């Protein structure tokens, strides 16, 4: 493998992702400065390695082998694994690709790095966010040298035999070629000529060649200045499609060619953007040329199709070589293409949904197809180009109904999906979903092409939505509303827990340890103290003495004063101190949580036009004269289903409200969207009018200007759903003695009874009984809801249902796979439903309709943390429900804690961010298990044979120089694991049973086969999706071995077993803790349990990585009450 710590990097050279690097795959960076090779590598190279590894690079190609080795030794470093950010190099991103950068950086940061500038690598490194609570020396490993390899500046070019498209002559030839760009068994030549360097140079050429004044060019640029790449692409397509002669903007009109050419030119020089539909970062030149080519193929015609092939070819060059810029000659050719294609009345004949079969004959049409396929595009576009052969569609020679095209016509669901929010809600109710709205926009407006439509069907509703969206995106300065000489005084009181959120986690150095201190949300005069999680897996436990010292240091800091860093203007920058008499002061003021505020009064404005038009035009610093009466009237006229949807968006404490993002398929890109989101959007604009000091529309989101007033308004809205509830539940009978932690957990749930609670208690500590006890309290105090819905994974159903039945409660299983409309949520019983069944066969609508009268329980809520439909619906019903409880014994999936935030923000009275994440964790109803059982962790390691070490690199203990096959190596190790499991099991099963975790079903069956050589069939039990077991000390069965897989980690109890044998399997910390919880739980009678982990080879390396996740999990446990059972 030619990692950069083998070759080094010199000034001006390029690096890209190494073969095995996934996170940064395809990224290309140019280096300014010097990064040295690693000295031991330099000494070990023999003649063949030097020749094969180095001579292919430009810097080394003219050196003899002796010179190469001399250079490496004289310029190397003895620092092992020198990360790129630890050098003084600067970087310029030629191409950004791979999921890491797009997942960890904002769009603005991606755009900044794409700006054709060099940045200090430390600056880029610091852009990448640190995991909450992490104090590891390296908060990211993306710049590890083994993630990168050297590449030649012209490594995109190579020798080739086959079909080549010449970008200068536009001809396809077959033969032997040098220095051509190869793709998919075809190739293209780089265009030659003087380079077009800047947008200014391009616009000067446009002005001179087409006699366009710079006054006109600058005016058009001013109008288009807010355009995103997607809007530019849409404008290019619409001008070609409509064949219009003029573009109108307010009272101005512009030549359509001028606007099209300027938009195309601006797009060329934009840095680029991430296109989610093709999961790729697209540069400006790539975007402009590809869009022009596709637009002509779809909506127009050129006599010479090779000119379209040229556009696709240049787009692919731009995609692959971020340094490439077109020649002046090319740009002039493109302008000519634009001029001709926009006016032509013909269009190609093609199919959008043909079967994709690669053509065998290579011509200009086939070449274009292969180019677009390599570029990536919608399947309909690829099908279109595949089926284009130059045939002209039946000609319709009519006058365009859109000779003058309003510029807003370019705004559609392809460029800005949020357009659907700007339609009148009454109109939106004609559609079932947003996909139907998108189809309407296409059929009745933006799809119009006079070349194929006999007449237009332009919708006024679409025009109006486009106009509003234009104003919103343009972000014009708003008009201040007039005030009348009156004030309204309102009193607010923030909950005391907000102090904890404002302070956030405080870092303190204690005896060379980095400790984390947060105020408890239920008692801000007490603290939670823990070590920070660390990547180096050092011991994270603190002694009682150290925790006491931490409290003293925290008190000292509070008495000196802590500066608050908050999104809330009222608190940001203020100093919070704890006085000598134990009172919190804000800038020396006490009682600062109680606020009395005077609000200026605006007259009730009568506005000509709808409410969205108002929000786009006006702002204010007060509230309307009859604001609360007006709000009450609006709420009284809202349908319940719309009110429920509103609550989903406003229930949390956020300083900005954004509706869920739509994809081009009409569905949510992350969370589920609803046709009623348009109603939510218009409702929030009503709030902007009535309470302009509280909420203001900015582009397509809503900014909270006055947090305390907004909280007051929000409370009024949410209380509108709270209705008197009469439940008919029998009082549960709890026959078991409750442990102290179960009583304490119930007490926290009811003191006071809140909308939501999250219970995080170690596996095996009896969470179900806590919930039953909580339900008992609600029923006895007339606080129980009419409906109780309990959602859980299939594996947990038997055990949980059994406990409810033992308590005397009726149950109802909602099995939605039966697809029967008769399956209904029933009153007075526990309605059990699997997580993934909630969205089947209309059950989601049942849940929504009954949510305001429902206690909603989400068991194993850690399974609803990712961005998925399952998560979206669970969150939605939790927000809508009268009350909800989330349960889990294991909430950490590896090291990503961000996914918890969406649940935490529902149970605290402050906005949850990465900075105060650990404070919100303190609101969990949590206990960690201290069963008094000693956990003995053993590692049983094995040595791999000589063959293994020949196949792995030095980092893994081998001597391979070059790439290695990870999966093959992994399976080699797993072959050894099974034999080690058998060997170790034999030692124990003579006297006691063992619990074994196999890699997968195949491994499980292999182990069963081996055990059957010396055990009877009834002495072995295999856990599967259809086969679970409860094996407690009183069980008289003589089972020697129980074998499961990581897939089946919950829903069964094995307290008769005290030995667990496993290996290192690719998975997460949640699964590992769940598996251990099968034997380490209430009911285990042994004084100790033994967890044996078998590993060797690469599994040992992975094992060390997994210990980091255990570290974060252990830190979280410091926020739990320690329970002795």
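Numbering (UniProt numbering), first residue to last: 1 to 1125.
Ideal Cβ placement from N, Cα and C applies to all residues, glycine included.
Computed from a predicted model, the values in this text were never measured in an experiment.
Closest residue to residue 434 among 250, 676 and 629 (Cα-Cα distance):
Considering only alpha carbons, the answer is 676.
- Query: What are the partner residues of residue 518, as DSSP defines its beta bridges?
  - Reply: Per DSSP, the beta-bridge partners of residue 518 are 528.
Does the beta-carbon of residue 145 have 16 or more other beta-carbons within 10 angstroms, so that it is buried, or is it exposed?
So residue 145 ends up on the buried side.
Report task. Kindly list the residues whose CB is nearer than 7 Å to the CB of residue 1096, restricted to its own chain and excluding five residues on each side of it in sequence; keep chain order. Result -> So the qualifying residues of the chain are 941, 942, 943, 944, 973 and 976.
Locate the alpha helix (DSSP H) running through residue 920, then write down its first and last residues. Element bounds for residue 920: 917-921.
Residue from 958, 582, 450 and 473 with nearest C-alpha to residue 526:
Ranking 958, 582, 450 and 473 by CA distance to the CA of residue 526 puts 582 first.
Note to self: Could you tell me which whole beta strand (DSSP E) segments of length 3 or greater appear in the stretch 141-211?
What the structure shows: Entirely contained in the stretch 141-211, the beta strand (DSSP E) runs reaching 3 residues are, in chain order, 148-151, 157-165, 172-183 and 186-188.
ask   = Alpha carbon to alpha carbon, how far is residue 84 from residue 74?
value = Cα to Cα, residue 84 sits roughly 20 Å from residue 74.
Practice task
Use the C-beta contact count for residue 67: other C-beta atoms within 10 angstroms, 16 or more gives buried, fewer gives exposed.
Solution key: The residue is exposed, with fewer than 16 neighbouring Cβ atoms inside 10 Å.
#### Entry: Residue range of the unbroken alpha helix (DSSP H) whose run includes residue 1090
Looking at the DSSP string, residue 1090 is not in any alpha helix (DSSP H); the run it does join, the beta strand (DSSP E), is 1088-1095.
Worksheet entry | Identity of the residue in 699, 38 and 415 nearest residue 665 by Cα | Out of 699, 38 and 415, 415 has the C-alpha closest to the C-alpha of residue 665.
Rounded to whole angstroms, what is the Cα-Cα separation between residue 471 and residue 265? One C-alpha to the other measures close to 24 Å.
Verify whether the separation of the beta carbon atoms of residue 289 and residue 320 is less than 8 Å.
-> Result no, Cβ atoms of residue 289 and residue 320 do not sit closer than 8 Å.
- Item | Distance, residue 580 Cα to residue 535 Cα | Model confidence at residue 535 stands at a pLDDT of 45, short of 50, so the residue's coordinates are unreliable; what they give is reported in the following sentence. It is roughly 39 Å from the alpha-carbon of residue 535 to the alpha-carbon of residue 580.
message = If distances are taken between C-alpha atoms only, which option among 190, 195, 218 and 194 comes closest to residue 203?
response = For the set 190, 195, 218 and 194, the Cα lying nearest the Cα of residue 203 is the one of 218.
**Asked** In chain order, what residues of the same chain have a beta carbon less than 6 Å from the beta carbon of residue 12, not counting five sequence neighbours either side?
**Response** Hits under 6 Å: none found.
- Item | Endpoints, the alpha helix (DSSP H) within which residue 682 is located | Residue 682 -> alpha helix (DSSP H) spans 677-690.
Where residue 220 and residue 598 are concerned, what is the direct C-alpha to C-alpha distance, given to the nearest angstrom? Their backbone Cα atoms lie some 46 Å apart in a straight line.
With 16 as the cutoff for other CB atoms within 10 Å, does residue 392 come out buried or exposed?
Result: exposed.
* Below 8 Å, can you find three or more Cβ-Cβ pairs linking the stretch 612-632 to the stretch 652-669? -> By the C-beta criterion, the stretch 612-632 is judged not to be in contact with the stretch 652-669, since fewer than 3 inter-stretch pairs fall below 8 Å.
Please classify residue 18: does DSSP put it in a helix, a strand, or coil?
Three-state DSSP puts residue 18 in coil, outside helix and strand.
Give a yes or no on whether the C-beta atoms belonging to residue 1101 and residue 956 are separated by under 8 Å. Going by C-beta atoms, residue 1101 is nearer than 8 Å to residue 956.
Please classify residue 198 as buried or exposed, where buried requires at least 16 other C-beta atoms within 10 Å of its C-beta. By the 10 Å Cβ count, residue 198 comes out exposed.
Pair within 8 Å by beta-carbon distance, residue 17 and residue 26: Their beta carbons are under 8 Å apart, which means residue 17 touches residue 26 by this criterion.
| Nearest residue (CA-CA) to residue 517, options 921, 970 and 1001 | Shortest Cα-Cα distance from residue 517 to any of 921, 970 and 1001 involves 921.
message: Spatial neighbours of residue 572 within its chain, please: C-beta separation below 6 Å, excluding the five flanking residues on both sides.
response: Excluding positions up to five away in sequence, the list reads 566.
| C-beta contact flag for residue 285 and residue 249 at 8 Å | In this structure, residue 249 does not lie closer than 8 Å to residue 285 by Cβ.
Going by C-alpha to C-alpha distance, which of 907, 206 and 1082 sits closest to residue 742? Ranking 907, 206 and 1082 by Cα distance to residue 742 puts 1082 first.
Could you tell me which residues DSSP puts in a beta bridge with residue 739? None; residue 739 has no bridge partner.
Q | Top-ranked residue by Cα proximity to residue 76, from 803, 317 and 34 | A | The shortest Cα separation from residue 76 among 803, 317 and 34 belongs to 34.
Among 118, 3, 946 and 829, which residue has its Cα nearest to the Cα of residue 143? Comparing alpha carbon positions, the residue from 118, 3, 946 and 829 closest to residue 143 is 3.
| query | So what's residue 814 in DSSP terms, helix, strand or just coil? | reply | Residue state, collapsed to three classes: coil.
In or out: residue 15 buried (at least 16 other Cβ within 10 Å) or exposed? Around the C-beta of residue 15, 16 or more other C-beta atoms lie within 10 Å, and the residue is accordingly described as buried.
Open item on the list: Considering just the uninterrupted stretch of the beta strand (DSSP E) at residue 733, what are its terminal residues?
Closed with: Counted as a single uninterrupted DSSP element, the stretch harbouring residue 733 is not any beta strand (DSSP E), since DSSP gives it neither H nor E.
Item checked: residue 810 versus residue 1030 - alpha carbon distance -> In a straight line, the C-alpha of residue 810 is about 23 Å away from that of residue 1030.
Report task. Quick one: grab the DSSP three-state call for residue 92. Result -> Correct three-state label for residue 92: strand.
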